[in-house]
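Presented below is the structure to which this report refers.
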Amino acid sequence: MIIIENVAVATVDEAGTEYADGHVVVGGDGRIAAVGPGDADVPGPRIDGTGCLVTPGLVNTHHHLYQWATRGLALDETLFGWLTTLYPIWGRLDAGIVGAAAGAGLGWLALSGCTTSMDHHYVFPRDGGDVLQAEIEAARTIGLRFHPTRGSMDLGRKDGGLPPDNVVEETDEALAATEAAIDRWHDPSPDAMLQIAVAPCSPFSVTTRLMEEAAVLARRKGVRLHTHLAETDDEEEFCRKQFGCTPVEYAERVGWLGNDVWLAHGVHLDDSAIARLGATGTGVAHCPSSNARLGAGAARVRELLDSRVPVGLGVDGAASQEVSHLGAELRQALYTARLRGGPKAMNAREALRLGTIGGARCLGRQDDLGSLEVGKLADLVLWRLDGLGHEGIDDKVAALVFGPPAPVELALVGGKPVVERGELVNADEETLTRAARDAHRRLLTGR
Ligand SMILES: [Zn+2]
């Protein structure tokens, strides 16, 4: 049992319950046994949370962990320019490189207050080894709850797609490998540390048949669906030319709208597209820093929320936004909303909701994750807010969102510590850094 006291609490429950001075008790089953004002009414050793705010752990809804090995490249490109620069490099990925990149990316996410992350992996070089297993092992080492998706690309340049032909798979091969990944790893239990989703990459790198059959496969297996959609004007133009419709109309045509689907980006959406997402319960992984880095645009998050679309936050791949810090994404989301819609477009608590319960809804884990409520999994973060960067901002949620990225005093996943006093519990930051540096060098130079 873990008892945290003398702490400000933001539960992020439906009513937005907060306690200026409260407690959280974690039971031996890794779930929250109590949360409330004042001291806890149970005996046992205490963690003193003075100077800290406790929130649900952040949920990352879009990432490409392998991209940690290709940070700092194609710095001034649009999405299509950036992709065509990087595809040939990614074609040389192997399990060793992906494992090192995933270790770095997941370690960094944990230090940024993230307790659950998805990953979207869609590059499977023929001689690359078992890259999905490599990142799953990295997540087990760091201790994060992990939702890797089995991605895929089967539309190469010779068939009118964007990626070079040597980085795409055959359609049936991709579907079979996706089904095998679900059978091998997907854990449907409420306490699951590992769940798989089905994730063909994007309209311009995937055939219509793969999109359609992937949706059928996911529903037959009872797992979720994820893809990139409506990220850039170039994609919209591609869809209009190839399919004669918008990206969301295309998604609907291939069976990709529904409350078991969440889409990365959703930047270029008109009113009718937003209404369709809301009516079908289709989620959106909002990635404001990546959208800014690639100059893709600013998602209409206020309108999405007003249409009851589930919206979570994603850092996106580390090669399209080198910060990759989920705590920092809270502020980026708030700023992005305000640049579009003025200071009333989003407040600090709405930003925190995106990063917690909004993300849990995207991953289908809202019954067990995303808020501090009795019976939910004890995935939580104690943010230190009494240092130079935050002291004096009396509203603790405002300090977390408006202030600089806050140090993580403690992060628990299912009641188990993964970060303590700003350091990883299960891995060594310097070792991760060295492995990532070597992976980057090997990928870029072959040595
Ligand atoms: Zn992405």
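The opening position of the sequence shown corresponds to residue 459 in the numbering used here, with each subsequent residue numbered one higher. All C-beta atoms, glycine included, are put in the ideal place defined by N, C-alpha and C.
Ligand 2 heavy atom lying under 7 Å from the CB of residue i
i	result
Asp-692	Here the bound small molecules are ligand 1; ligand 2 is not part of this structure.
Proximity of residue i and residue j at Cβ, strictly below 8 Å
i	j	result
His-644	His-578	no
Pro-621	Tyr-524	no
Arg-529	Glu-780	yes
Gly-549	Val-493	no
Arg-855	Leu-784	First, the residue type needs correcting, since residue 855 is Val and not Arg in the sequence shown. Cβ atoms of Val-855 and Leu-784: not closer than 8 Å.
Val-769	Glu-787	no
Ala-869	Ile-490	no
Pro-875	Val-866	no
Met-651	Arg-711	no
Val-483	Val-500	yes
Ile-461	Gly-502	yes
Leu-830	Leu-838	yes
Where residue i sits in the DSSP three-state scheme
i	result
Glu-628	coil
Lys-854	helix
Leu-687	strand
Asn-884	coil
Leu-502	Before going further, note that residue 502 is Gly rather than Leu in the sequence given. Looking at Gly-502 - three-state DSSP - the assignment turns out to be coil, as it is neither helix nor strand.
Cys-659	coil
Leu-771	strand
Ala-777	coil
Thr-607	strand
Thr-573	strand
Gly-496	coil
Cys-697	helix
His-723	strand
Thr-543	helix
Arg-682	coil
Tyr-477	strand
His-898	helix
Ala-809	helix
Leu-620	coil
Ile-600	helix
Cys-510	strand
Ala-836	coil
Leu-846	coil
Leu-735	helix
Ile-490	strand
Ile-462	strand
Pro-583	coil
Val-712	coil
Glu-831	coil
Leu-652	strand
Pro-646	coil
Val-759	helix
beta-carbon residue i near ligand 1 non-hydrogen atom, thresh 7 Å
i	result
Ala-722	yes
His-686	yes
Asp-826	no
His-726	no
Asp-774	yes
His-522	yes
His-578	yes
Cβ shell of residue i (< 6 Å), same chain only, five flanking positions each side left out
i	result
His-898	Ala-527
Tyr-477	Val-467 and Pro-495
Ala-818	Val-517, Gln-824, Leu-827 and Gly-828
Val-465	Gly-507, Cys-510 and Val-512
Leu-885	The amino acid at residue 885 is misidentified as Leu; the sequence shows Ala. These residues qualify, in order along the chain: Gly-565, Thr-599 and Ile-600.
Ala-918	In the structure as shown, the chain starts at 459 and stops at 905, and residue 918 therefore has no counterpart that could be examined.
Cys-572	Leu-516, Asn-518 and Leu-784
Leu-613	Gly-619, Ser-663, Val-664 and Thr-665
Asn-717	Gly-739
Val-719	Leu-683 and Thr-740
8 Å CB neighbourhood of residue i in its chain, flanking five on each side removed
i	result
Ile-732	Arg-758, Glu-761, Leu-762, Ser-765 and Val-767
Thr-636	Arg-608, Ser-610, Val-656, Ala-672 and Leu-675
Ala-592	Ala-553, Gly-554, Val-556, Gly-557 and Ala-560
Ala-754	Thr-536, Leu-537, Glu-689, Thr-690, His-723, Val-725 and Ser-748
Leu-551	Tyr-524, Ala-527, Val-581, Pro-583, Gly-586, Val-589 and Leu-901
Ile-654	His-605, Pro-606, Thr-607, Arg-608, Ala-639, Ile-640, Trp-643, His-644 and Val-681
Asp-844	Thr-508, Gly-509 and Cys-510
Beta-carbon proximity list for residue i, same chain, < 7 Å, skipping 5 on both sides
i	result
Asp-641	none
Arg-900	Ile-555
His-520	Met-576, His-578, Ala-722, Ala-743, Cys-745, Gly-772 and Asp-774
Gly-736	Ser-765, Arg-766 and Val-767
Tyr-708	Pro-661, Cys-697 and Phe-701
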